[in-house]
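Have a look at the structure below, then the notes.
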Amino acid sequence: MAIPFSDPKFDTFTVQTNVGSVEELTRHLDTDLAARPVPGLDGYFDVTSFRKETLTPADAFALAREMVEKLPGVLHAEPCFELDSTNTPEAGEDAHFDLAALLWERGPGVPDPLWATKFIELEEVPAIYTGQGVRIAHPDSGFVRHGELQRSFVDLASARDFVDGDLDPDGPYRHVSHGVSTASVIVSDSRTSPADHVRGVAPGATLVPLRVTKKHGLVPAPVLFRAGARRLRDAILHAVETECDVISISLGWLWNSGLRAAIGKALSKGMIVLAAAGNYIRTVVWPARYEEVIAIAGCNVCGNSWSGSCRGDDVDLAGPAQDVWRAYFDGSTEAVGPSSGTSYAVAMTAGVAALWLQKHGGRAKLVHDFGGPAVQELFRATIRKHCGSRVADQASGFGEGTLNAKKVMDAALPTLRRPVQPAAFAPTSEALLDDLLRAGPKSFAAESGRTLLDSFRGFEDELAFNLLTQPSLRTSRWQEDVELAVNRHAKALFDRFGGLERQPGPPSLWAALRALPEGTLSPMLKEKVERVAP
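Residue numbers for the sequence shown follow the numbering used here, so the first one is 19 and each next one is one higher.
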């Protein structure tokens, strides 16, 4: 069974420069490298290698450091990875639903199909607020019309497919179902039957489908399959170009400086950017993990945590995530039913963002009155202050409380303590590495600190990457959570695929690094480990 963050395959390099053109950059590149500018991001280039199929992660990190050291004008370079889909069987209808059905206990009773909208008190919001006039960019697995979305406003003229490189965001039913599901909890305004239907939070909003990924395998996280962060970056830049107001991201994987720069550009235009905290692996995934992004974790009908939700200090709020009714395709047949995932929590929060923008005169008015970068922080401050009770069974890691549409819509605009300036985002920092060390096995956390971080200065990206992708280094806490939550049959299924195989814990980070297979670390990092290890 594929595990989140496992089996990464090199895709391209994200390179930030102060050179003026691609010609200037390519003049200094090796003959097996080619560059193209990232449209909409000045100074950023995608650099590809003709050795792409054979370039290992260790090779890629070594080459990225070489670019920074030797190429004039290169400020930062990092490899961008995608999941190696050749090792991952294709999923059926929806990986989230399959896992929920096979691995996870149902919530406290099978809830009312409308429990999620009742939980956030959507019925108490005046009916005039539907999100009308608000455009929601929806980067996901694609879009195909479903009965629950027949009356929804979908801007197919602005839609794009960044997987196949065309204008049509559709795809095979088995691939688009996740996108249809998350879209339905945002904008559905249909009724397939009186007792069993989906109510979208913002049925008057306009959805802009942006296909950035395919679903592959029973992988328990919202993962950017086949694309890494590159296609999500391009989708966000397209959302900026097409004047979207909200970006709802039910996806995540590793960090990427180009993706972060694209998010920064969207925020500077007054767009609201939200992302799912992630599922089943405990540690919050990127881009939700970025401090400038609004990160949404998951809860259940009782206001307790959803056991599959990632959690951490990066989370702003929790929203409905367990047994949320949504539209999907069972094969090619339209269906409606419950599913679990922080994908739905963030989608519902995006719907509330649309209602909030409509109430306050739209994005353009807020940008005029407060400035572009302030809009995100105005909405963040509102949902954090005017929310439901904290997740009852968790002391921390689930934000300020649970999403409450009524309280958000009743609230006046907050007063920001200081002007919000456009953020200058640094590449992956030592803070990221320290965070990952503390989230991992206790033997790793004990070694985190200034001495350790100083030892790996300049290698933070590569070490952090391996902490997430190497089974012997990756945080083990998510496995403990899984074992507590699954039943005997589910555990047997996990064991069949090797997902819960126990390995002896590493005596120390140094020992674990030294024990990695040859070629896992770049030669310079391997040498550093051998030289500075106690």
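Glycine included, each C-beta is placed from N, C-alpha and C at the ideal position. Since the model is a prediction, treat every value here as computed from it, not as a measurement.
(Q) Taking a contact to mean a Cβ-Cβ separation below 8 Å, would you say A365 touches I204 in this structure? (A) yes
Exercise. Below 6 Å CB to CB, which residues in the same chain sit around H164 once its five sequence neighbours on both sides are set aside?
Key: V198, A345, E352
Report task. For the beta strand (DSSP E) containing E96, list its first residue and its last residue. Result -> 92 to 101
Under the assumption that C317 contacts S323 (Cβ atoms under 8 Å), give the Cβ distance between them as a whole number of angstroms. 6 Å
Chain-order list of residues whose beta-carbon lies under 8 Å from that of R402 (same chain, five-residue window excluded) = D334, L335, G417, E418, G419
Practice problem: Look up S327 in the DSSP assignment and give the residues it is bridged to. | Solution: N297
Determine, using beta carbons only, whether P356 and L396 come nearer to each other than 8 Å. no
- prompt: Three-state secondary structure (DSSP) at A410?
  reply: coil
- Query: With burial defined as no fewer than 16 other Cβ atoms inside 10 Å of the residue's Cβ, what is the status of L138: buried or exposed?
  - Reply: Checking the sequence, you will find Ile at residue 138 rather than Leu. Buried is the call here.
Paired residues, beta bridge with S266 - DSSP: L292
Legend entry - Residue closest to L132, alpha-carbon to alpha-carbon, out of V354, R475, F388: V354
Would you kindly report the start and end of the unbroken beta strand (DSSP E) that includes P26? 26 to 35
- request: Would you decide whether Q168 is buried or exposed? Buried here means 16 or more other CB atoms lie within 10 Å of its CB.
  value: exposed
Point to revise | The beta strand (DSSP E) enclosing S67, as first and last residue numbers | key: 62 to 67
Quiz item: On the premise that S361 lies in contact with T224, defined as a C-beta separation below 8 Å, what is that separation, rounded to the nearest angstrom?
Solution: With a Cβ gap of about 20 Å, T224 and S361 do not count as contacting.
Do the region 275 to 288 and the region 302 to 318 meet, that is, are 3 or more Cβ pairs less than 8 Å apart?
yes
So, under 8 Å CB-CB, D158 and V230 are touching, yes? Tell me the CB distance rounded to an integer number of Å. 7 Å
Starting from I154, trace the alpha helix (DSSP H) both ways and give me its first and last residue.
-> Careful: I154 lies outside any alpha helix (DSSP H), inside the beta strand (DSSP E) at 153 to 158.
Can you check DSSP and say which residues form a bridge with T224?
-> R153, F171
Exercise for review: Could you tell me which residues DSSP puts in a beta bridge with R54?
Suggested key: D64
- Task: Tell whether a beta-carbon distance below 8 Å holds between D64 and T35.
- Result: no
State the CB to CB distance for the pair K70 and F28, rounded to an integer number of angstroms; the pair is presumed to be in contact (CB under 8 Å).
6 Å
In the DSSP output, which residue or residues are listed as bridge partners for E352? F347
According to the neighbour-count rule (16 or more other Cβ atoms, all chains shown, within 10 Å of its Cβ), is F161 buried or exposed? buried
Inset, instruction - Using the Cα positions of T72 and A78, report the straight-line distance between them to the nearest angstrom. - result: 10 Å
Review point. Would a C-beta distance cut-off of 8 Å place E480 and S526 closer than the cut-off?
Key: no
Take the Cβ of G406 as the centre, count every other Cβ of all protein chains shown within 10 Å, and call the residue buried at 16 or more, exposed below. buried
Review point. Can D207 and P227 be called in contact, C-beta distance under 8 Å?
Key: no
- Item | Straight-line gap, V264 to V258 (C-alpha atoms, nearest Å) | 10 Å
_Looking at the secondary structure, which residues open and close the alpha helix (DSSP H) in which G359 lies?_
Neither: G359 is in no alpha helix (DSSP H) and is coded neither H nor E.
Requested in this report: Could you check if L236 is buried or exposed, using at least 16 other CB atoms within 10 Å of its CB as the buried criterion?
Outcome: Residue confidence is low: L236 scores 41 on pLDDT, short of 50, so the model does not pin down where it sits. No coordinate-derived value is stated.
Review point. Run through DSSP, which three-state label would I146 get?
Key: coil
Q. Which class does G379 belong to by DSSP, given the choice of helix, strand or coil?
A. coil
Distance check for H378 and G151, CA to CA, integer angstroms please.
12 Å
* Asked: For S39, does the count of other Cβ atoms within 10 angstroms reach 16, so buried, or fall short, so exposed?
  -> exposed
TODO: Would you be able to state if there are at least three C-beta pairs under 8 Å between the region 174 to 185 and the region 287 to 299?
DONE: no
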